[in-house]
Amino acid sequence: MTTLLTGLIGSGIGSSLSPAMHEREATVLGLELRYDLWDLHALGASPGDVGDLLLRARDGGYRGLNITHPCKQLVLAHLDTLSPDAAAIGAVNTVVIGEDGFAGHNTDWTGFRRGLVDGLAGAPLDRVVLVGAGGAGAAAAYALLDLGTERLDVVDADPDRAARLAADLDPYRVRGGRLTELPTLLGHAHGVVHATPVGMADHPGQAVPGNCLRPDLWVAEIVFRPLHTALLAAAAEAGAVFLDGGRMNAHQAADAFRLFTGLEPDPSRMYAHLRELVAPEVSRAPLSGALSPHPIERM
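Residue numbering for the sequence shown is 29 to 327, as defined by this note's numbering.
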């Protein structure tokens, strides 16, 4: 059986869970697949070398590569085709290598969308606040607009970046703002999405003040390592329903797997596997298993 070659290009990805997730799902489906990590530091490469790495992957017989920080925008110049969604978001996290060259896709937005629908079924989406206007935030914003959000307030440490995202996506439904506006905006919102590195193992903290959370405000987290962040702990304490970042990660991985292989993965199985992989990290977190995500009723 020929081994299907896939992988990930990015910086500081040595501890990525993607190889384990993709390879186990392939095994379950009877496919021999290898998922390699192309870490820029380990390769002695710079972000600007992403085009050369794509050519190396093509020559090596790779079917496709995931793309992560800091190459999601830089890779655009090296692609032959681009999906409409990736073009609208302005970032690519999945490149399929085929006879027609390099095709760019964005499964971050579909991953967030599917995760939100799965984990927060029935949540009101009319008015949402998004914290963070980077690549993950742009994907989440695109998904929320696709789901029908009527008013999306984006706040960022760089208000100009928030304003640019609003103008690029939909200046009528999206508004860019400052982090200092967060308490006021949350007072009128149905939900809040956190899309910054704050809360990750290397960036401890909480970007959304706990005193702004309340039982009728849902909370969606994009950070998934740790799976139970300080923000989710605060949400639980406030009685708010919430969604951990693992669902988005599992769904985006499933969508990329589908593009690479043409096979239909099981996102629920991949999410369960992800939770197994981060279980040691969860056990070290000062939280209990009572914080598992759960669906909510329409409010």
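Note that CB positions come from ideal geometry on N, CA and C, so glycine has one too.
Bear in mind the structure is a predicted one, so any value in this text is a computation, not a measurement.
Taking the C-alpha atoms as reference points, what is the distance between Thr257 and Arg303?
14 Å
Need the endpoints of the alpha helix (DSSP H) that His69 sits in, please.
Leu68 to Leu71
Closest to Ala167 by C-alpha separation, out of Gly42, Arg253, Gln101 and Pro293, would be which residue?
Gln101
Could you tell me the distance, in whole angstroms, from the CA atom of His84 to the CA atom of Glu51?
Per the sequence presented here, residue 84 reads as Arg, with His not at that position. Distance between the alpha carbons of Arg84 and Glu51: 22 Å.
Just reading off the beta strand (DSSP E) that Ile95 is part of, what are its end residues?
Tyr90 to Ile95
Report the option in Leu241, Val236, Gly72 and Val157 whose CA atom is closest to the CA atom of Ala194.
Val157
Whose C-alpha, out of Asp77, Leu93 and Gly176, is nearest the C-alpha of Leu144?
Gly176
Considering just the uninterrupted stretch of the alpha helix (DSSP H) at Leu6, what are its terminal residues?
Absent from the model: residue 6. The displayed extent of the chain is 29 to 327, so no value can be given.
For Ala268 and Pro98, what's the separation of their Cα atoms in angstroms?
33 Å
Per the DSSP calculation, Gly129 is bridged to which residue(s)?
Gly126
DSSP three-state call for Gly38: helix, strand or coil?
strand
Asn239: buried (16+ other C-beta within 10 angstroms of its C-beta) or exposed?
exposed
Across which residues does DSSP place Ala161 in a beta bridge pair?
Paired residue(s): none; Ala161 is not in a bridge.
Please report how far the alpha carbon of Gly132 lies from the alpha carbon of Ala48, in whole angstroms.
23 Å
Looking only at its own chain, which residues have a Cβ that is under 7 Å from the Cβ of Arg253, when we skip the five neighbours before and after it?
Met228, Ala229, Val306 and Glu309
Rounding to the nearest angstrom, what Cα-Cα distance links Leu93 and Pro237 in this structure?
Whole-angstrom Cα-Cα distance: 37 Å.
Under 7 Å Cβ to Cβ from Leu241, same chain only, skipping five residues before and after it: list those, please.
Val247, Ala262, Ala263, Ala266 and Ala268
To the nearest angstrom, how far is the alpha carbon of Asp272 from that of Glu249?
5 Å
If the criterion is Cβ atoms closer than 9 Å, does the pair Gly139 and Ala278 meet it?
The answer is yes: Cβ separation under 9 Å.
Buried or exposed for Met29, going by 16 or more other Cβ atoms inside 10 Å?
When all chains shown are included, Met29 counts as exposed.
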